[in-house]
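Peer 1: Protein sequences, first through last, are from chains A and B.
Going by our numbering, the first sequence opens with residue 562, and the numbers climb by one from there.
Going by our numbering, the second sequence opens with residue 6, and the numbers climb by one from there.
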Amino acid sequence: MSTYGLYYGIKPVRRKGWSFGQIVLFLFLMGLAAFMMLPLVFVVVNALKPLDELLLFPPRFWVQRPTLSNFGDLLLATSATTVPFVRYIFNSVIVSVSVVVLTILIGSMAAYALSNKHKFPGQELFFVLVVSSLMFASEVTSIPRYLIVNKLGWIDHYWALIIPPLAGGYGVFLMKQFIDQVPREIIEAAIIDGASDWTIFWKLIMPGAQSAWATLGITQFVATWNDAFSALIFTRTEVMKTLPLMLQTVGGGSIARAGAGAAATFLMIFPPIIIFVFLQSRVVESMAYSGIKS
Amino acid sequence: MATASQVVERVGVRPAPGRIARLIEQMRKEKVAYLFLAPYAIVFFVFTILPVLTAIGLSFTYYNMLQPPKWIGLTNYRLLLLDDSVFLIGVKNTLYFAIIAGPVSFVACFLFAWLINMQKARKPLTLIFYAPSLVSGIAMGLIASYFLSGDRYGLLNDFLIRIGAISTPIQFLRDARLIMPFIILVQLYMSLGNGFLVNIAGLQNVDKTLYEAAALDGVGTKLQEMWYITVPLMKPQLLFNAVMAIVSSFNVFGIALAMVGLPSWQYAGHTIVAHMYDYAFIRFSLGYASAVAVILFIFTFTLNRIVMRILSTRGDY
């Protein structure tokens, strides 16, 4: 019996050939996968289109005469700005990485406190507040939030781009759901061995919930990396602007910049893909303690 | 599991004399939990609770962001519920959207994650199915217009004309009856991402030895395995995705804006959040927009409680 069959509980007999149902399912998934890849293909193809093909009417999906001139245009457009291009990349990386790391850290710590591993007065109320906060539309809270950031004197500082995103309820809710699943027995065993909460958190909870925080890392990175709105309202000077905001101004302006815009969109999707591939192995990795039972 | 003092608290029995002391004792025992919670609690209070309370307060005022807010009591709510026919269109469209897109995306997120997790090529497939979420909304809007363009150059119209189903192109995004169905389709396509990924992660938590044990107990087919083992074990993730599906389907706006604009043709794509956006950022009437947000919150919260009642036997999250 192969480990694969054992892993999924598939009867070893089936491994010899594919049943009709499996083939249909596989073809269905492949067709759907091709459909899901359209936006990605579109972004790549568009970046390679010369300007006349980009502005062609009727529009054509595929590129006829691929060229790299759009990237030259982008370089030209960005070199005209007062601040070197690297500065925007630097800002975006600093902000996105900080938000991801801090969201995972303080979100997981809060989720551990709120999980079924603890029981304290106010715990349930706090959790209900966190989940309920997800239901209040951010459109109307963005202005009060701006006023608070302004009062704190954070306008045009990294703090304004890093700290407010940490207040969302998504990460805490997600982490709590997974931490609840970490078997109580191994925590109790660790407590008997005299481990502190801090040790339990780092040695048992975080490894146990790694698929959860890797997932959170991916979604949070994608959201922060593409977020132009925060930088738009919280920054004043050019040196503090982030990449998506800067690229919006480059690509969005005139028709002549359409090529630069397509190249910019292409470059923007790479960091999220890299982060995805980097963290994905943790998402799909099985838990270290699977098999431990009460 | 609730402790004795919490049972007392829930039942509403008058506190015994020693209850406060016991409460303090319990808090002292769990002081580490409060420390773990503290960093998030501070940020959550300053950047979520305070803005929400401010918005609730503003919903009772007239506030144009230039002059200080003026208290007008329940006027905003009265106007909104009794006199604003456009808001009611928004409510109708949002409910239409939520009733279809919410459950469909919830089930699709689970089924695709379950199917892909069984494949050998699950890593590349996960990336591919998550791909639409990686691409920004602007690019998605462009792709949607390639497909749904109202002239015969739109890919869908071109296809339908070629197979002879229609003779003149259909104005997909200019036809009041077709706008919502197409918004739902595009939104479903885009919304697979996060819930799908959460399910993929959750599937790794399912103890594989349980499948073997169940096989010995006579659980034969994959579908039985999914229904009797996978679904119960994934309850925390499924509850999470249910809440997020409700939240995101009631907050539908971004994709509708990119596809049909604001205001949309005959308000056919007008949603509650579109209404709120209109009043907050175009008419600068923040008090009124806040009242819309409060009503939306009440909707979402109520529906959420009902769905949780149905999904969870415990009645809480």
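All residues carry an ideal CB built from backbone N, CA and C; glycine is no exception.
Run through the DSSP bridge pairs and tell me what K802/A is partnered with.
Peer 2: As a first step, residue 802/A must be located in the first sequence, where it is residue number 241. K802/A pairs with nothing; no bridge assigned.
Peer 1: Have a look at the DSSP bridge pairing and note the partners of Y67/B.
Peer 2: What you label residue 67/B is simply residue 62 of the second sequence in a count that begins at 1. Bridge partners of Y67/B: K75/B.
Peer 1: Between the segment 211-229 of chain B and the segment 804-812 of chain A, do three or more beta carbon pairs fall short of 8 Å?
Peer 2: No, the segment 211-229 of chain B is not in contact with the segment 804-812 of chain A.
Peer 1: Taking K213/B as the reference, give the member of T796/A, E846/A, S694/A and L765/A with the closest Cα.
Peer 2: Mapped onto the second sequence, residue 213/B falls at position 208. It is E846/A.
Peer 1: Just to confirm the assignment, what range does the alpha helix (DSSP H) spanning G820/A have?
Peer 2: Position 259 of the first sequence, counted from the first residue, corresponds to residue 820/A. That run of the alpha helix (DSSP H) goes A819 to M829.
Peer 1: Less than 7 Å separating the Cβ of L42/B from some heavy atom of the ligand ADP?
Peer 2: Of the ligands one can find in the structure shown there are none, so the ligand ADP has no counterpart to examine.
Peer 1: Taking only runs that begin and end inside the segment 47-131 of chain B, name each unbroken alpha helix (DSSP H) of 4 or more residues, in chain order.
Peer 2: 55-63, 80-83 and 90-123, all fully within the segment 47-131 of chain B.
Peer 1: Looking only at its chain, what residues have a beta carbon closer than 6 Å to the beta carbon of Y67/B, apart from the 5 residues adjacent to it on each side?
Peer 2: Walking along the second sequence from the start, residue 67/B turns up at place 62. If we look at Y67/B and ignore the five residues flanking it on each side, its Cβ neighbours are K75, I77 and G292.
Peer 1: Is there at least one Cβ from chain B nearer than 8 Å to P773/A's Cβ?
Peer 2: As a working note, residue 773/A is residue 212 in the first sequence. Looking at the sequence provided, one finds Ala at residue 773/A rather than Pro. By this cut-off, A773/A is an interface position.
Peer 1: At a CB distance below 8 Å, what residues from the segment 41-62 of chain B approach chain A? Give them in sequence order.
Peer 2: Flagged, chain order: F41, L42, P44, Y45, A46, V48, F49, V51, F52, T53, I54, L55, P56, V57, T59 and A60.
Peer 1: Let me know if K712/A comes out buried or exposed under the rule of 16 or more other beta-carbons within 10 Å of its beta-carbon.
Peer 2: Here the question's residue 712/A lines up with position 151 in the first sequence. With fewer than 16 Cβ atoms within 10 Å of its Cβ, K712/A is classed as exposed.
Peer 1: Are P600/A and A136/B close, meaning C-beta to C-beta below 8 Å?
Peer 2: In the first sequence, the residue the question calls residue 600/A occupies position 39. In the second sequence, the residue the question calls residue 136/B occupies position 131. Yes; because the gap between Cβ atoms is below 8 Å, this pair is in contact.
Peer 1: Alpha carbon to alpha carbon, how far is E685/A from L28/B? Give it in angstroms, no decimals.
Peer 2: As a working mapping, residue 28/B is identified with position 23 in the second sequence. As a working mapping, residue 685/A is identified with position 124 in the first sequence. Roughly 15 Å separates the two Cα atoms.
Peer 1: Using CA atoms only, rank isn't needed, just tell me which of L160/B, L202/B and R24/B is closest to S842/A.
Peer 2: Translated into the one-based positions of the first sequence, residue 842/A becomes position 281. Out of L160/B, L202/B and R24/B, L202/B has the C-alpha closest to the C-alpha of S842/A.
Peer 1: Using only CA atoms, which one of L637/A, S757/A and P726/A lies nearest to K36/B?
Peer 2: Position 31 of the second sequence holds residue 36/B. Per the Cα distances, S757/A.
Peer 1: Counting only Cβ pairs nearer than 7 Å, list the residues of chain B close to T776/A.
Peer 2: Along the first sequence, read from residue 1 onward, the residue named residue 776/A stands at position 215. L202, V203 and A206, listed in chain order.
Peer 1: How close, in whole Å, do the beta carbons of F302/B and R706/A come, if the pair is a contact with beta carbons under 8 Å?
Peer 2: Within the second sequence, residue 302/B is the residue found at index 297, counting from 1. Within the first sequence, residue 706/A is the residue found at index 145, counting from 1. Not confirmed; about 16 Å, so no contact.
Peer 1: In whole angstroms, give me the CA-to-CA distance for E749/A and I740/A.
Peer 2: Position 188 of the first sequence, counted from the start, is the residue given in the question as residue 749/A. Position 179 of the first sequence, counted from the start, is the residue given in the question as residue 740/A. Going by the C-alpha atoms only, they are around 14 Å apart.
Peer 1: Under 9 Å between beta-carbons, which chain A residues line up against T226/B? List them in chain order, please.
Peer 2: Position 221 of the second sequence, counting from 1, holds the residue named residue 226/B. By Cβ distance, chain A contributes nothing, its closest Cβ being about 10 Å from T226/B, past 9 Å.
Peer 1: Check for me: the alpha helix (DSSP H) holding G292/B runs from which residue to which?
Peer 2: Taking the second sequence and counting its residues from 1, the one referred to as residue 292/B is at position 287. Counting along the chain, the alpha helix (DSSP H) containing G292/B begins and ends at L291 to L316.
Peer 1: Under the three-state reduction of DSSP, which class applies to N631/A: helix, strand or coil?
Peer 2: Position 70 of the first sequence, counted from the start, is the residue given in the question as residue 631/A. The answer is helix: DSSP assigns N631/A an H, G or I state.
Peer 1: Please return the same chain residues whose Cβ sits closer than 7 Å to the Cβ of L840/A, not counting the five positions on each side in sequence.
Peer 2: The residue you call residue 840/A lines up with position 279 of the first sequence. Excluding positions up to five away in sequence, the list reads A775, G778 and I779.
Peer 1: Using the beta-carbon of each residue, which ones in chain B are nearer than 8 Å to T810/A?
Peer 2: Position 249 of the first sequence, counting from 1, holds the residue named residue 810/A. Simply none; closest approach about 13 Å.
Peer 1: Within the 8 Å Cβ cut-off, does P237/B reach chain A?
Peer 2: As a working mapping, residue 237/B is identified with position 232 in the second sequence. Answer no: the Cβ-Cβ gap between P237/B and chain A never drops below 8 Å.
Peer 1: From A118/B to V605/A, what distance separates their C-alpha atoms?
Peer 2: As a first step, residue 118/B must be located in the second sequence, where it is residue number 113. As a first step, residue 605/A must be located in the first sequence, where it is residue number 44. Rounded to the nearest angstrom, the two C-alpha atoms are 26 Å apart.
Peer 1: When we look at the beta-carbon of S640/A and count the other beta-carbons within 10 Å, is it buried (16 or more) or exposed?
Peer 2: Here residue 640/A refers to the residue found at position 79 when the first sequence is read from its first residue. Exposed, since its Cβ has fewer than 16 Cβ neighbours within 10 Å.
Peer 1: Here's the rule: buried if 16 or more other CB atoms are within 10 angstroms of the residue's CB, otherwise exposed. What is T99/B?
Peer 2: One-based indexing of the second sequence puts residue 99/B at position 94. So T99/B ends up on the buried side.
Peer 1: Secondary structure at V845/A, three-state DSSP: helix, strand or coil?
Peer 2: Taking the first residue of the first sequence as 1, we reach residue 845/A at position 284. Reduced to three states, the DSSP call for V845/A is coil.
Peer 1: Checking contacts by CB at 8 Å: is Q781/A closer than that to chain B?
Peer 2: For the purposes of this step, residue 781/A is taken as the residue at position 220 of the first sequence. Output row for Q781/A: interface = no.
Peer 1: For my contact list, N69/B and A296/B are in at a C-beta cut-off of 8 Å; report their separation, rounded to the angstrom.
Peer 2: Against the second sequence, residue 69/B aligns to sequence position 64. Against the second sequence, residue 296/B aligns to sequence position 291. Actually they do not touch by this definition, with Cβ atoms about 14 Å apart.
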